[in-house]
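Below is one structure, written out as structure tokens; the observations come after it.
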Amino acid sequence: MRFRFLFCAVFTATTLVLLWMLWKYHLPWPIVGYIAGVLLLMLLPKTVTARPRFLYTAFPLLIPAAVYFHRRGKELWPYVLSACAAGIVGLTALYGVLGAIP
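Right, dumping it as structure tokens:
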């Protein structure tokens, strides 16, 4: 139960960072509308909590992140890869050892 809060907190922080990147590096309006629709359908119902797997349906949010790292964050790229690798290892450990399902 406590892991669900952690997953939701990390997901919310990731979504906010990606939305900030979307605001900074603009995408065409149809894509922004798709992202908004997916996020609203994901966050509005009370029966479904914000889970990381739902972020994959809003995959165009990753386009501004790619632009950011191409233009400015080249020196940050090794840290991003390290954080992603640590996250995958941590989630795998949670799933395997504790049976946590977000």
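Per the numbering used here, residue -4 is the first one in the sequence shown, and the count goes up by one each step. All residues carry an ideal CB built from backbone N, CA and C; glycine is no exception.
I'd like the list of long-range same chain contacts for residue i, defined as Cβ closer than 7 Å, with 5 residues on each side in sequence excluded.
{"i": "residue 26", "result": "55"}
When the Cα atoms are used, what is the spatial distance from residue i to residue j?
{"i": "residue 32", "j": "residue 57", "result": "16 Å"}
{"i": "residue 49", "j": "residue 37", "result": "7 Å"}
{"i": "residue 21", "j": "residue 59", "result": "7 Å"}
{"i": "residue 17", "j": "residue 52", "result": "16 Å"}
{"i": "residue 142", "j": "residue 23", "result": "Residue numbering for the chain in the displayed model covers -4 to 97; residue 142 lies beyond these limits and cannot be assessed."}
Could you pull the start and end residues of the alpha helix (DSSP H) that residue i belongs to?
{"i": "residue 78", "result": "72 to 88"}
{"i": "residue 36", "result": "24 to 38"}
{"i": "residue 62", "result": "57 to 66"}
Using C-beta distances below 8 Å, list every residue in its chain close to residue i, excluding the 5 sequence neighbours before and after it, in chain order.
{"i": "residue 68", "result": "75"}
{"i": "residue 34", "result": "10, 53"}
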